[in-house]
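Following: one structure in structure tokens, then a few remarks.
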Amino acid sequence: MTSAVVPMPVHCELPHAHGPRLQAVCLDIDDTLIDFTTAARKALYGMIGRDDMWSTWQRMTEEHVARVVAGELDSGSMRLARTKAFLADLGAVVDDELVHRLEDRRRAEVDEAWALFDDVVPCLDWLQAAGLKVAAVTNASGAHQRDKLNALGIARFFDTVVIAGELGAAKPDPQIFRAACDRLDVPAQEALHVGDRLDVDAVGARDAGLLGVWLDRCGREPPGDPGVPVIETLSDLPELIVSEYVTPSATGPAGVPGQRATDPVSGPHGGWSTISLRQHGQ
Ligand SMILES: [Mg+2]
Numbered sequence: 284m285t286s287a288v289v290p291m292p293v294h295c296e297l298p299h300a301h302g303p304r305l306q307a308v309c310l311d312i313d314d315t316l317i318d319f320t321t322a323a324r325k326a327l328y329g330m331i332g333r334d335d336m337w338s339t340w341q342r343m344t345e346e347h348v349a350r351v352v353a354g355e356l357d358s359g360s361m362r363l364a365r366t367k368a369f370l371a372d373l374g375a376v377v378d379d380e381l382v383h384r385l386e387d388r389r390r391a392e393v394d395e396a397w398a399l400f401d402d403v404v405p406c407l408d409w410l411q412a413a414g415l416k417v418a419a420v421t422n423a424s425g426a427h428q429r430d431k432l433n434a435l436g437i438a439r440f441f442d443t444v445v446i447a448g449e450l451g452a453a454k455p456d457p458q459i460f461r462a463a464c465d466r467l468d469v470p471a472q473e474a475l476h477v478g479d480r481l482d483v484d485a486v487g488a489r490d491a492g493l494l495g496v497w498l499d500r501c502g503r504e505p506p507g508d509p510g511v512p513v514i515e516t517l518s519d520l521p522e523l524i525v526s527e528y529v530t531p532s533a534t535g536p537a538g539v540p541g542q543r544a545t546d547p548v549s550g551p552h553g554g555w556s557t558i559s560l561r562q563h564g565q
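Numbers given in our numbering equal positions in the sequence shown, counted from 1, plus 283.
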């Protein structure tokens, strides 16, 4: 474990700049930027009055989103079909009108409850100051993901939003990571992807040629070597980037060689957190 304060990047030419170039950072949305599970789980409880069916809901959601990605359903039809199938699995046979009402109410409750994690805006500020292109890459079914980013005031940070349901390919399929790189006009080896799911996000990105980083917010410490760098908060991402990569701001034409900014990026508790980077398999 190391402790460090990562300053805001400045446009200067570092005489000792070395290492691979990084031009872009891709970020998953749900449970990486937005505390989606807390909001969605609460709304599901509101719909059925019990909290023990979350894993079933997740499984059925993934199955139905896969049908959107495959072009079998549109996003709106998927939500109704998923909720109807879920209620049927609970033994509740309900007509389409009631499914519609229940799903609309559940969805409204999710929309009201979702929130950004505290480390998101400071991290996005830092990435922008570092001169990095930024993409959101999500396995969700439709354009509501852009509405989330807009509603939470962070859409301005993103050069593109890549949505599995629109593209027809979902993480960990390499196509979605390569589509993000193509839209950002950067080679995969000069891009990094961060997400909360080890297999879908970090390992998938790594296998597509990007640097995959696992955001392990819960400190789950998997058995064995995950084969990718692991961070426990987005506050640790700048430290990972500056220790491994040359960013556009470190090779720009302006500035005084060797000059470093003195003001740390302000985090939710007054500065970047103590770094607790767990590097694996490098
Ligand atoms: Mg996620």
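The C-beta atom is built at its ideal place from N, Cα and C for all residues, glycine as well.
Below 8 angstroms, enough C-beta pairs join the segment 410-430 and the segment 310-328 to call them touching: three or more. The continuous alpha helix (DSSP H) containing V404 extends over residues 403-412. In this structure, the alpha-carbon of L450 lies about 11 angstroms from that of R461. Near ligand 1, meaning a Cβ closer than 7 angstroms to any of its heavy atoms, lie the following residues in chain order: D311, I312, D313, D314, T315, G478, D479, R480, D484. Bridge pairing for D313: I317 [DSSP]. R388 is positioned such that its CB atom lies closer than 9 angstroms to that of G329.
When C-alpha distances from E473 are compared across K431, L494, E395, the shortest belongs to L494. Taking a cut-off of 8 angstroms on C-beta distances, the segment 360-373 touches the segment 330-340, as three or more cross pairs fall below it. The shortest C-alpha to C-alpha distance from G425 to any of L520, I446, L415 is the one to I446. One Cα belongs to V348, the other to A452, and the distance between them is close to 11 angstroms. Counting along the chain, no beta strand (DSSP E) covers L399, and no H or E run does either. Beta bridge pairing from DSSP links W497 with G478, V513. In the DSSP assignment, R389 is bridged to no other residue. Contact between F440 and D318 does not hold, since the beta-carbon distance rounds to 18 angstroms and is not under 8 angstroms. Going by DSSP, A463 is part of the alpha helix (DSSP H) stretching over 457-467. The beta carbon of A491 sits closer than 7 angstroms to those of P457, F460, R461, A471, all from its chain and outside the five residues before and after it, given in chain order. By the neighbour-count criterion, in which 16 or more other beta carbons inside 10 Å mark a residue as buried, L381 falls on the exposed side.
By the neighbour-count criterion, in which 16 or more other beta carbons inside 10 Å mark a residue as buried, E522 falls on the buried side.
Taking C-beta atoms as the reference points, G448 and V352 count as a pair closer than 9 angstroms. The Cβ atoms of G414 and T516 lie no closer than 9 angstroms to each other. DSSP places K454 outside any beta strand (DSSP E), giving it a letter other than H or E. The beta carbon of V393 sits closer than 7 angstroms to those of A322, A323, A326, all from its chain and outside the five residues before and after it, given in chain order. Rounded to whole angstroms, the Cβ separation of V486 and V511 is 6 angstroms, and the two are in contact under 8 angstroms.
From the listed residues E527, R500, D519, the smallest Cα separation to T320 is found for R500.
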